[in-house]
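Chains as they are written, first to last, in the numbering used here: chain F, 368 to 766; chain G, 368 to 766.
All C-beta atoms, glycine included, are put in the ideal place defined by N, C-alpha and C.
Working notes for the structure below.
2 protein chains.
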Amino acid sequence: MPEISKRGIRMPESPIRKLVSFADKAKADGKKVFHLNIGQPDLPTPQVAIDAIKRIDRKILEYSPSEGIRSYREKLVSYYEKFNIKVSADDIIITTGGSEAVTYAFLACLDPGDEIIVPEPSYANYTAFAIVAGAVVKTIPSKIDEGFSLPPVEKFEKLITNRTKGILICNPNNPTGYLYTQAEMNKIRDLVKKYDLYLFSDEVYREFCYTGAPYISAFHLKGIENNVILVDSVSKRYSECGLRIGALITKNKAVRNSVIKFCQARLSPPLIGQIAAEASLDTSEEYMLETYNEYLERRKFLIDGLNRINGVYSPIPMGAFYTVARLPVDDSDKFCQWLLSDFSYQDQTIFMAPASGFYTTPGLGKNEVRIAYVLKKEDLAVSLKILEEALKIYPGRTL
Amino acid sequence: MPEISKRGIRMPESPIRKLVSFADKAKADGKKVFHLNIGQPDLPTPQVAIDAIKRIDRKILEYSPSEGIRSYREKLVSYYEKFNIKVSADDIIITTGGSEAVTYAFLACLDPGDEIIVPEPSYANYTAFAIVAGAVVKTIPSKIDEGFSLPPVEKFEKLITNRTKGILICNPNNPTGYLYTQAEMNKIRDLVKKYDLYLFSDEVYREFCYTGAPYISAFHLKGIENNVILVDSVSKRYSECGLRIGALITKNKAVRNSVIKFCQARLSPPLIGQIAAEASLDTSEEYMLETYNEYLERRKFLIDGLNRINGVYSPIPMGAFYTVARLPVDDSDKFCQWLLSDFSYQDQTIFMAPASGFYTTPGLGKNEVRIAYVLKKEDLAVSLKILEEALKIYPGRTL
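Here is the structure:
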């Protein structure tokens, strides 16, 4: 039997995935499991999107253009304009989810051995996509006691080698919910300029900024227009994770021409998804506001609740719908598994994501978890109660 | 401005793509262009698939499982059973088109520098996906005068090195329409066994075999069950290219476990596409037969017509909906471009794919084109007339 690739062996298996079988077992045993572990919004997809799918009036479900349907790309221009992001339809390439946008950005910009710098904790799959491209992710820890703000510039500069090709940020951040300030974004801009790096900026959570602090897009930064590669997706903002529609946006023509060759090889992004995503741009202000207010309330409820539990600490996330909280436990991988396999409170338990999967520096995140507030308040209330009760009796409690 | 990757530079631009702007120009100039260049079926998508999309009854369009929806995978088992392909739902991983299946097969099985052997002419994007994986495609020419049958085993053996990890075939073949015989498949099996190679087998055209000769799947070959990775797609058989639903099927558990990690990183294949693809398995026998008969007739009509034109030769393709024909021209890249930019017959012209894009051996395919019979007979009739008239006055005519 021929061997599988070393790359395949290097591909990480996320700690969340490892727990899925425990969650399945818990359910099979009759426990109710509250899913705080995944960024799958529970809010409804906008009706305009569902209607567009129902109204589909085509005889042949054919390939769409490799770079995406023109009318959709043109309509996106006005969407971005609302955020003061000035791009043309030609700058926008439609991808199969934000995942493909990150993958093609790496493939087009990075060669095997090239390095990118990413503040951690960070979305675990960036590492997976880097492995696909043969690129190396170097991480700089941000700290829970500093609210996961941007690490000092000197830490970035220390990591820069002649193989460093880019910096990657996620803003607002998954998993921390942190929103970079103008001052921080200026520091990133200066680094990008000084070392002539790519700035890969994943901004899929831009609709969800809660504190009144401004959302600073990488495209707002002057003087690095040709360095910026923006990653976007309709998954989170319209609760359309299943459509698999994202976008890669850049003013750098050489990058675009390269990305388009990868797009042409896979022929076409999903047709029906694009039709629904285009219709979603007509989503009512009311829907967007209701969704926003719902997350806003949940966030306050969750964070207040977490910080009321003895020994638990969560910074106040400014955006997205996650928080990384510190728990008084020996090992959050073990604790999260124990919650599923050994614990129940009134036949219920919770599934959280151990933070270790969001760090590459060994040992970090050991006493942290990521919690997604994609459940309604009543369920968050029960979840908080479960967490509180669990911590009372967890054998590995540390405080 | 940072440099794009060398890999991006190496990504091929297909000769078809290069001609698209000429086709657009021709249309802008008022010429009617018959598209014989692309494998986009013109036949309707089955109504059951469209209906399934219209009947979508979900509030949230959420992620589907990374390996695909279980009920769809289970239903596929009976579909394959009809072709005497015996697989379980666990052997099947749903992918975003056949493209993703090939890409993940390469990523999971091949490391940078590893080699695969492919008979040419072959589907151009295999090379693109190999570049993504850093793998090397070595080709063995098959010959139009031998009907594009399998090249001799010795030619394969000559190419085998300690980096050779697999053989890739497409059966029935794109671009040639060739269908491998039992004897040829046995030779492939013996090679795979002798050198312990992967056999990547793209069988997306299995529904379209016209001569009564049997379709031999790689899964029919005894003794290499753990070496076979089958690539499939609903695009061609149901005219559903836009859904982007394919599959990677293997009994090799190590490969599957590796592929699934790549699938998990990109989270989910398209949800709506899977719903439509699952419904498509209930497509009536009548639809399948009508589609089959339509291609069967077109094939006869096209091949007869081609071989009646002075200096033109096409073997009789046994499957798929393409043929590679030899033309009396100096350079089919030039000829295909000239047809779009310089020629018209009654304000009409044709767009064919120069065969050079399907060969990697320099110089091969210079006087060949790929013609897809995805147009109705009346349009094929006009297309043949256009080709005949064009060859009468093309300045680079050779015979």
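Taken atom to atom, the span from the alpha-carbon of A580(G) to that of R425(F) is near 35 Å. Interface flag for A495(F) against chain G is set, since a Cβ pair is found closer than 8 Å.
For the stretch 550-581 of chain G, the set of residues with a beta-carbon nearer than 8 Å to any beta-carbon of chain F comprises D563, L564 and Y565, in chain order.
For N619(F), a Cβ of chain G is located within less than 8 Å of the residue's own Cβ. When C-beta distances to chain G are compared with 7 Å, the residues of the stretch 591-614 of chain F below that value are N593, N594, S606, E607, C608, G609, L610 and R611, in chain order. Residues of chain F whose Cβ lies closer than 7 Å to the Cβ of F629(G) are, in chain order, M378. One Cα belongs to E370(G), the other to G501(G), and the distance between them is close to 19 Å. Taking a beta-carbon distance threshold of 8 Å, L634(F) counts as an interface residue toward chain G. Judged by DSSP secondary structure, K505(G) falls within the beta strand (DSSP E) whose first and last residues are V503 to P508. Q631(F) counts as buried, since no fewer than 16 other beta carbons sit within 10 angstroms of its beta carbon. Against chain G, the CB of Y430(F) has a partner CB under 8 Å away; the residue lies at that interface. Taken through DSSP and simplified to helix, strand or coil, D569(F) comes out as strand. The Cβ atoms of Y577(F) and I527(F) lie no closer than 8 Å to each other. Assignment of F401(G) by DSSP, reduced to helix, strand and coil, places it in the strand class. Put simply, the backbone Cα of A419(G) is about 49 Å away from that of G730(F).
In the DSSP assignment, D671(F) forms no beta bridge with any residue. At a C-beta separation below 9 Å, K421(G) has these neighbours in chain F: I420, K421, R422 and I423. The residues E434, G435, A614, L615, R623, V626, I627 and C630, in chain order, have a CB closer than 7 Å to that of I460(G) in the same chain once the five nearest residues on each side in sequence are set aside. Interface residue (Cβ-Cβ distance to chain G less than 8 Å): I371(F) is classified as such. Per the coordinates, the alpha-carbon of Y471(F) lies some 10 Å from the alpha-carbon of G465(F). Chain F places a beta carbon closer than 8 Å to that of S625(G), counting this residue as a contact.
Within the same chain, D698 come within 6 Å of K733(F) by CB-CB distance, once the 5 residues on both sides are set aside. For P581(F), the three-state secondary structure derived from DSSP is coil. In this structure the stretch 633-643 of chain G does not touch the stretch 472-480 of chain G; the number of beta carbon pairs closer than 8 Å is below three. A check of alpha carbon separations from P408(F) across E467(F), C608(F) and L754(F) identifies C608(F) as the nearest.
The three-state secondary structure of I642(F), taken from DSSP, is helix. L669(F) and L610(F) have their C-alpha atoms some 29 Å from each other. Taking a C-beta cut-off of 8 Å against chain F, the contacting residues of the stretch 439-469 of chain G are T463, G464, S466 and E467, listed in chain order.
K618(F) sits in coil when the DSSP states are folded into three classes, being neither helix nor strand.
Secondary structure note for D599(G): it is in no alpha helix (DSSP H), and the uninterrupted beta strand (DSSP E) holding it is V595 to S600.
With a beta-carbon spacing of about 4 Å, A456(F) and R440(F) fall inside the 8 Å limit used to define contacts.
An exposed status is given to T765(G), since fewer than 16 other beta-carbon atoms sit within 10 Å of its beta-carbon. Annotation: the continuous beta strand (DSSP E) that includes Y689(G) extends over Y689 to R693.
According to the DSSP assignment, F718(F) belongs to the beta strand (DSSP E) that extends over Q715 to F718. Cβ proximity to chain F below 8 Å picks out K532 and G533 from the stretch 519-550 of chain G.
Sorting K449(F), V571(F) and Q549(F) by C-alpha distance to the C-alpha of K589(F) places Q549(F) at the top.
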